[in-house]
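Protein chains in written order, with this note's numbering: chain A, 1 to 303; chain B, 304 to 606; chain C, 607 to 909; chain D, 910 to 1212.
There are 4 protein chains.
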Amino acid sequence: MSTVRDATYELLRRHGLTTIFGNPGSNELPFLAGMPEDFRYILGLHEGVVAGMADGYAQATRRPALVNLHAASGSGNAMGALTNSWYAHTPLVITAGQQVRSTIGQEVMLSNVDAVSLPRPLVKFSAEPASARDVVRTMGQAIHAAVLEPAGPVYVSIPYDDWAHETGPEDAHLGERTVETAGELSDGQLADLVAALDAAARPVLVLGPDVDSARGNDDAVRLAERLGAPVWVAPSASRCPFPTSHAAFRGVLPASVAGITGLLSGHDLILVVGAPVFRYHQYEPGEYLPGRHCPVADHLRPG
Amino acid sequence: MSTVRDATYELLRRHGLTTIFGNPGSNELPFLAGMPEDFRYILGLHEGVVAGMADGYAQATRRPALVNLHAASGSGNAMGALTNSWYAHTPLVITAGQQVRSTIGQEVMLSNVDAVSLPRPLVKFSAEPASARDVVRTMGQAIHAAVLEPAGPVYVSIPYDDWAHETGPEDAHLGERTVETAGELSDGQLADLVAALDAAARPVLVLGPDVDSARGNDDAVRLAERLGAPVWVAPSASRCPFPTSHAAFRGVLPASVAGITGLLSGHDLILVVGAPVFRYHQYEPGEYLPGRHCPVADHLRPG
Amino acid sequence: MSTVRDATYELLRRHGLTTIFGNPGSNELPFLAGMPEDFRYILGLHEGVVAGMADGYAQATRRPALVNLHAASGSGNAMGALTNSWYAHTPLVITAGQQVRSTIGQEVMLSNVDAVSLPRPLVKFSAEPASARDVVRTMGQAIHAAVLEPAGPVYVSIPYDDWAHETGPEDAHLGERTVETAGELSDGQLADLVAALDAAARPVLVLGPDVDSARGNDDAVRLAERLGAPVWVAPSASRCPFPTSHAAFRGVLPASVAGITGLLSGHDLILVVGAPVFRYHQYEPGEYLPGRHCPVADHLRPG
Amino acid sequence: MSTVRDATYELLRRHGLTTIFGNPGSNELPFLAGMPEDFRYILGLHEGVVAGMADGYAQATRRPALVNLHAASGSGNAMGALTNSWYAHTPLVITAGQQVRSTIGQEVMLSNVDAVSLPRPLVKFSAEPASARDVVRTMGQAIHAAVLEPAGPVYVSIPYDDWAHETGPEDAHLGERTVETAGELSDGQLADLVAALDAAARPVLVLGPDVDSARGNDDAVRLAERLGAPVWVAPSASRCPFPTSHAAFRGVLPASVAGITGLLSGHDLILVVGAPVFRYHQYEPGEYLPGRHCPVADHLRPG
């Protein structure tokens, strides 16, 4: 059985975040107790120094850096340094240890009440997962947000008792997925995409509202006809990306894991354009489509 | 076995909040499915009307009113009306149904992302419990905050899957406690306090930092000597309220449930002055002292 | 001619805030350039130390302490220490130097963009005056908020070019007024109030909505009859505190400075109960009533 | 003499925002009193309807739409509808009328206290200019933020007395500039850039820190040598984009309007890469370089 801590270390490793800059306290112990051998911890005795070291390391290596802070007091100590990281566009992934979930609202010692507001407006993304089951995904989103241009610091508050929780099927998917971003498809990205489409025996198109807002509707029809692929509209789409009378049109996907897996499980390639993958509504947990997708937020909520 | 839903209805009943004004959606169903017979639900088809009705009801009855809204969209619809409630000092206790905990961060349909920020700056208190185990206590704090002068609206976002959780020992205590607030002790409050002290065979004093900041140290010594009671300093006190060389001084209380119960369980009355009851640190769950206290935040965190 | 700087120093002097703890930068120069001889500046070379010294000084003297920080970077450096001040209920009045007003939005170097959010949730009150003309009043409100129980830190961001502005008539009033707060009137406060009413030849009552919400309507009638005083309802009241058919009733006050001065200028004592003094609406500047009132917010907006 | 109102209408006209959806109150009168003939105002009697119409109009026209709301109450009424606009990525430019600057802090009727927090987290950008002199630039930034992908709603609170202020030289520049954004330079943008460089007799390069973070340093040297252009480093750069021993290197630009105009005024084309244009520090107002630049924030501050 894997824990949130194991899955988080695996996620960090996949993103090359194996150097941790920090100044921990008691809230951070359950995370650090399991630190694998291939990680190293650079200790600083004041968080201003810790954040400064991490900023320089990220700038020098041109990669994101991981910062491990202690609750509100440690986070507060680092906030002067964050003014520099913000304007230098330095991708810092900051984690702050939180108290035991059930006790935060009591304002026990070292609880970080309203942790999400604390680092604002000096971070691009600030979150405290609402459940232990959402920690790994939140960390994935935070890393993504930090490096997305313009890069910058992000903040995740993680409760003490979350690290020992067992992971679910979502977390396995998170460890396997690859995310690339681009202002425009590069030649290499385009070639990869074409190759994947060429290799697919039973591709399917899922189109979302941004196809319509970008006036890509005619292109969508041409693509569907060229591929000979069926077309679904993404769950809960706010605009119509495809003519519903077209022979390739199959309908609107239901807004649940089980519902989508039931309808799309026969295909060997799913190309989603102009929509999140996927925006669910009903909570009907089930088997995810193998190796293909995981729940994501489709754009970055500020600060 | 009692659930969070049962305990919340019991808490509402104790505070006379048995009339609910609302416009619910799917997120609110697990709460409403178990609505007891002695509650009534006043339905409005737009949240501006719902909040307006509740405001008028609260003003007319001179009591707090309960408002039941749907996620971010329903809460947003009510926010114009909240400008009136804020300046009229109307004690509205607003609950907003949230999506399933593990899916909020994915921004599934009807999730209320960063729910705590949404109603600001038009509420006195805004919270989303970090755990199902903290829902009942959060509701208790919200009701208290709403009616504390100057009164005003408060907001609590409650995840879908919390209502069915089983309650813990904290929740039982919450259902039994009585909270009164006063700018100064009234004659009646004073008489009750004196009577309780007179009746106590083995009273104990717990003194906190506010005794020192209010220069009440000498009064504290006089009180301890008059009562012949031992004196403990509250956990993690930032100031010293009592001379540590005094014969009645017993030490500083440990900052855990189990630790405090171990030390204070022999007494039949605990008088805490100038401190929260209690501010814990270490998470060492245990038996609470019977019928006497529960974890609380000692002052209101704004908005 | 007096400047905002002069009036601010006068306000600080009246509240005994003549010891300043700080670590200034360029934004703070126009304030410090005019520091009077009776003020002293305790310099610390890191804001964590500055805030810590101020906290200890305030706790030891049992009075508020003034902290002078530099923009977002200096404020950020102090935020770790604020976690202690928050829970110790230490009244710290923190000022942060801001850039020139017209350039803040450009995010010039050392601008403190969204300064009001920066110190949250670790302060009771956070503000940046929307105009140089509101700096002195904002500082007065901040001092009041810091010491109002439960006491705590407050934050005011002040633009560089505000200090040299000339003051208006509001600021003179601010320098003269006295504010007292109490959970319940003390014997001394009650005696002062009775003496003032006895000495008044032409008193007038202004009643606000809180008279009604506290069910004080009958008391209000008795008071008006005992005094033989005319009764006005406060501007824009949300509840009716006095029977409008009573012989003493004069109407609802208009919501402007000039309007109120016109109606109340003949009286030698104005007693306002259950309302702000005064909540205006229309901007009709004019002569304020001499020595009696100034515009105030009637309750504290959180954080 | 031009006013902030005139310059704002001119800015709106340049961006095609001549249809206004709104439900105004008294705070909005000074803006609407001067509405030019080529603008039209679509009135709705509830802000939920107003925001809904504007959202549909923006989606149908695939252009941003202007929404004119009234203070906190009107803005609050629209916030339910904003949940849809946020997830539909609809570019809504929302203006909210604010009270007279000097009276906002008093919480006069219809003041929108802490206006910047009110619409969060449902907008991409939220601001209240700190000065009448910054209104037009703020509106320009808001429009840019609304349409920048992923598009979405933005919010600007504008005080009553700002509209009649005279504009300064910055505002004239704002009316003339053109901003384009792209994930990657399109063929047309590239051709325009090459043509401008070919046509320039005395071009100059200004390089910023993002040249270094993108590892573009060698490309920068090649470009400077190809053009035979002198190279300056942008003011207050956090990273070094160009070898300081290179013959083309001229130094680091000073961080003031007057300083930059003094050094760059001989050139007929200024190409700035990897930096804001320009990030000032010292407030030394002066002549801007003709037709070439204006102060900007280099990336979007969230929410």
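Each residue gets a CB set at the ideal place from its N, CA and C atoms; glycine is no exception.
Every value quoted in this text rests on a predicted model; they were computed, and no experiment measured them.
Looking at C-alpha atoms only, which residue of the options is the closest neighbour of residue i?
| i | options | result |
| --- | --- | --- |
| R202 (chain A) | A:D187, A:N217 and A:A224 | A:A224 |
| V93 (chain A) | A:L45, A:A127, A:D219 and A:G208 | A:A127 |
| E410 (chain B) | A:A81, A:Q141 and A:A78 | A:Q141 |
| V4 (chain A) | A:R14, A:G22, A:T83 and A:G34 | A:G34 |
| H852 (chain C) | C:L869, C:G834, C:P841 and C:R845 | C:G834 |
| K730 (chain C) | C:T696, C:L875 and C:R743 | C:T696 |
| R726 (chain C) | C:L875, C:G892, C:P759 and C:V741 | C:P759 |
| D341 (chain B) | B:E350, B:P333, B:L320 and B:S329 | B:L320 |
| S1122 (chain D) | A:N112, A:D198 and A:V147 | A:V147 |
| S842 (chain C) | C:P756, C:V655, C:R885 and C:T701 | C:R885 |
| D268 (chain A) | A:A196, A:E180 and A:R14 | A:A196 |
| M1048 (chain D) | D:E1058, D:T1012 and D:A1005 | D:A1005 |
| R1124 (chain D) | D:Q1098, D:V1115, D:L1099 and D:F1151 | D:F1151 |
Could you pull the DSSP bridge partners for residue i from this structure?
| i | result |
| --- | --- |
| P159 (chain A) | A:Q98 |
| W535 (chain B) | B:V509 and B:G554 |
| E469 (chain B) | B:T306 |
| T625 (chain C) | C:R646 |
| N977 (chain D) | D:G931 and D:T1004 |
| L871 (chain D) | Since the first residue of chain D shown is 910 and the last is 1212, residue 871 (chain D) is not available in this structure. |
How many Å lie between residue i and residue j at the Cα?
| i | j | result |
| --- | --- | --- |
| G774 (chain C) | E616 (chain C) | 14 Å |
| A684 (chain C) | R832 (chain C) | 54 Å |
| S911 (chain D) | P735 (chain C) | 26 Å |
| A694 (chain C) | A613 (chain C) | 30 Å |
| A418 (chain B) | S75 (chain A) | 22 Å |
| A687 (chain C) | A660 (chain C) | 10 Å |
| A435 (chain B) | T689 (chain C) | 26 Å |
| I461 (chain B) | R137 (chain A) | 21 Å |
| D495 (chain B) | A475 (chain B) | 24 Å |
| D825 (chain C) | V719 (chain C) | 49 Å |
| I839 (chain C) | W389 (chain B) | According to the sequence displayed, residue 839 (chain C) carries Val and not Ile. One C-alpha to the other measures close to 20 Å. |
| T928 (chain D) | A974 (chain D) | 7 Å |
| L263 (chain A) | A757 (chain C) | 60 Å |
| I42 (chain A) | A164 (chain A) | 24 Å |
| P1194 (chain D) | R1159 (chain D) | 23 Å |
| A1109 (chain D) | V1161 (chain D) | 23 Å |
With a threshold of 8 Å between beta carbons, is residue i in contact with chain C?
| i | result |
| --- | --- |
| A1164 (chain D) | yes |
| G1014 (chain D) | yes |
| H392 (chain B) | yes |
| S26 (chain A) | no |
Would you verify that the beta carbon of residue i is, or is not, closer than 8 Å to some beta carbon of chain A?
| i | result |
| --- | --- |
| Q1050 (chain D) | no |
| S1147 (chain D) | yes |
With a threshold of 16 other CB atoms inside 10 Å of the CB of residue i, please say whether the residue is buried or exposed.
| i | result |
| --- | --- |
| E331 (chain B) | buried |
| R1010 (chain D) | buried |
| S792 (chain C) | exposed |
| V1103 (chain D) | exposed |
| E1075 (chain D) | exposed |
| E184 (chain A) | exposed |
| S1174 (chain D) | exposed |
| E1079 (chain D) | buried |
| E479 (chain B) | exposed |
Quick check on residue i - is its C-beta less than 8 Å from some C-beta in chain D?
| i | result |
| --- | --- |
| V610 (chain C) | no |
| Y889 (chain C) | yes |
| T398 (chain B) | no |
Hey, is residue i's beta-carbon within less than 8 Å of any beta-carbon in chain B?
| i | result |
| --- | --- |
| R821 (chain C) | yes |
| L975 (chain D) | no |
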